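Participant:
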Amino acid sequence: MIISNMNNPSNNILQTLIQRLAQAGSVLILASGSSGDGLASGLALRAFLKKLEKDAVFYALKPISDRFGFLPGVEEVLPQVDLTKSFVVDVSTKRSPLAELSYKKDTDRLSIFLKPATGSLTAQDVSFRSSTFPYDLVIVLGLTSFEQLGEFYAQHTDLFFETPVANIDFKAQNQNFGQINLVNLSATSCSEIIFDLINQFEASLLDEIMATQLLAGIIAETDSFQHRSTTPQILMKASQLVSLGAKQHEIIGSLYKTKSLGLLKLWGRVLSSLKQDEPRSLVYSSVTAVDLAEVGATSADADNILKEMVSQLAFAKTQLFLAELQAGQVTVYCQSQIPLNLSELFGRFNPEVSLNNGVKFVVGAGLAEAELVIVETLRNELARILA
């Protein structure tokens, strides 16, 4: 296993991935559709591989947020992927060349007829096997573990044991689960890592569409360069992307457009149900599916509430928001300035992790039960750390 989990991954790791990509005929790209960075970097990587005449497929593990619908190529992300193996019948023609092949299909039976040119075929000339998966390489973007692949991993576990996996990420929580682990802790985003990869591989192929995709991912992950991890290096790279034709104004306009009426009304509901645990510097709120329907808020509006809480409720160091987006399923958003390992604390829910120590995950329970469990877990951990 090749592992890279340092501030600057060795060039050998990058070159190994480039070599594997050059050799691969077909590549499956996996990322979360709800992450702007994962989505944008996946789109750019797919576009680049297409230019290399590779069969590149991008599958989003979660629904694509409306917020990122403006990204070029987003309509080509697959809602599902076929990983069915073929059943192969091998026939040795060493002794008896084949003259004719035909088949007959009945209701519950398929008969295959093989007519040799000379002699005869026997049972010893025939063997059976399953084909391999249709991809030479699987690339996972922005996920810290196999568990974050959720049901896809549970349903297709064999894929990850039979096909080489390249794990690309920038978060310290990454578990180095691939055969190739390009985990760059000094990067701001997967989009930055993919930009570096393309520059190393074949920079001349980087076009306006890829530049727009990559810049959008960087802007989304760094909150338009406002995050404390923003470096002079990423600002220079952003400048290069703009010079290549990245549509910066369109990106900013789409990601930070005027807040929707649904979001403003939902924010009012959030404030009306706001609760505070002052000793633990915690604020939290929850909304029901009825609340969302009454104010006309979408899942994209719910995705933006935590950002509002962080910016407008800055007197607290930890913010928590729970939204019942559908009956029996509660989406949880949490962020903290306190050194909490939120991804580990809520690991059983396979959370998505963001650059700013935030997590998002789904709890299969009613809102009251989910709030009780999550708030209690958070309170106990905060009490332990702040003691």
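For the sequence shown, this note's numbering begins at 4 and goes up steadily by one. Positions of the beta carbon are idealized from the N, C-alpha and C atoms, including for glycine. Since the model is a prediction, treat every value here as computed from it, not as a measurement.
Would you check if there are 3 or more beta carbon pairs closer than 8 Å linking the segment 241 to 254 to the segment 209 to 228?
Facilitator: These segments touch.
Participant: In the structure shown, what three-state DSSP assignment does ILE196 receive?
Facilitator: Reduced to three states, the DSSP call for ILE196 is helix.
Participant: DSSP three-state call for ALA292: helix, strand or coil?
Facilitator: Correct three-state label for ALA292: helix.
Participant: Straight-line CA distance for SER133 to THR87?
Facilitator: Computed Cα separation, rounded: 10 Å.
Participant: Within the segment 231 to 314, note down every full beta strand (DSSP E) run reaching 3 residues or more, in order along the chain.
Facilitator: Counting whole runs of 3 or more residues, the segment 231 to 314 contains the beta strand (DSSP E) stretches 278 to 280, 285 to 290.
Participant: According to the neighbour-count rule (16 or more other Cβ atoms, all chains shown, within 10 Å of its Cβ), is ASN187 buried or exposed?
Facilitator: With 16 or more Cβ atoms within 10 Å of its Cβ, ASN187 is classed as buried.
Participant: Could you check the C-alpha separation between LEU208 and LYS54 for me, to the nearest Å?
Facilitator: Near 7 Å, if we compare the C-alpha coordinates of LYS54 and LEU208.
Participant: Looking at the secondary structure, which residues open and close the beta strand (DSSP E) in which PHE324 lies?
Facilitator: Its beta strand (DSSP E) spans residues 321 to 329.
Participant: On the three-state DSSP scale, how would you describe THR334?
Facilitator: Strand at THR334.
Participant: Using 8 Å as the threshold, is the C-beta distance between ALA50 and LEU42 below it?
Facilitator: No, they are not a contact pair.
Participant: Check the C-beta distance from PHE391 over to ILE32 and give it rounded, since I have them as a contact under 8 Å.
Facilitator: The shown model of the chain, from 4 to 390, leaves out residue 391, and the question about it has no answer.
Participant: Determine the extent of the alpha helix (DSSP H) in which ILE212 is found, giving its start and end residues.
Facilitator: Note, ILE212: alpha helix (DSSP H), 211 to 225.
Participant: If contacts are defined as beta-carbon pairs under 8 Å, then LEU162 and PHE136 qualify, I think. What distance do you get, rounded to the angstrom?
Facilitator: About 5 Å; that satisfies the 8 Å criterion.
Participant: One question on the structure: do SER192 and PHE173 come within less than 8 Å of each other, judged by their Cβ atoms?
Facilitator: A contact, by the Cβ cut-off of 8 Å.
Participant: With a 10 Å radius around its C-beta and 16 neighbouring C-beta atoms as the bar for buried, classify GLN83 as buried or exposed.
Facilitator: Exposed is the call here.
Participant: Does DSSP classify LEU104 as helix, strand or coil?
Facilitator: Strand, per DSSP.
Participant: Where does ASN14 land, buried or exposed, given buried means 16+ other C-beta within 10 angstroms?
Facilitator: Counting Cβ neighbours within 10 Å, ASN14 comes out exposed, since fewer than 16 surround it.
Participant: Whether or not the segment 228 to 246 and the segment 267 to 280 are in contact is what I'm after, with contact meaning three or more pairs of Cβ atoms, one per stretch, closer than 8 Å; do they touch?
Facilitator: Cβ pair count under 8 Å is below three, so no.
Participant: Any idea what DSSP makes of LEU144, helix, strand or coil?
Facilitator: Three-state result, LEU144: strand.
Participant: Buried or exposed: which applies to MET312, given that a residue is buried once 16 or more other Cβ atoms fall within 10 Å of its Cβ?
Facilitator: Result: buried.
Participant: So, with DSSP's three-state summary, where would you put ARG98?
Facilitator: Three-state DSSP puts ARG98 in coil, outside helix and strand.
Participant: Identify every residue that forms a DSSP beta bridge with ASP93.
Facilitator: Beta-bridge pairing links ASP93 to SER130.
Participant: Give me the residue from PHE364, PHE349, LEU74, VAL365 with the minimum Cα distance to LEU381.
Facilitator: Comparing Cα positions, the closest option is PHE349.
Participant: Per DSSP, PRO137 is paired with what?
Facilitator: Answer is none; PRO137 lacks a bridge partner.
Participant: On the three-state DSSP scale, how would you describe ILE171?
Facilitator: DSSP places ILE171 in strand when its eight states are reduced to three.
Participant: Identify the continuous alpha helix (DSSP H) that holds GLY39 and give its terminal residues.
Facilitator: Element bounds for GLY39: 39 to 54.
Participant: Do you know how far the Cα of ALA169 is from the Cα of TYR138?
Facilitator: Spanning the two alpha carbons is a distance of roughly 13 Å.
Participant: Whole angstroms are fine: how far does the CA of GLN322 sit from the CA of GLN18?
Facilitator: Cα-Cα distance, rounded: 41 Å.
Participant: Which partner residues does SER29 have in the DSSP bridge list?
Facilitator: Partner(s): ASP58.
Participant: Could you tell me the alpha carbon to alpha carbon distance between ALA305 and HIS159, rounded to whole angstroms?
Facilitator: If you take the alpha carbons of ALA305 and HIS159, they lie about 31 Å apart.
Participant: Roughly how many whole angstroms lie between the Cα atoms of LEU48 and LYS107?
Facilitator: The alpha-carbon atoms of LEU48 and LYS107 are separated by roughly 44 Å.
Participant: Would you decide whether VAL290 is buried or exposed? Buried here means 16 or more other CB atoms lie within 10 Å of its CB.
Facilitator: VAL290 is buried by the Cβ-count criterion.
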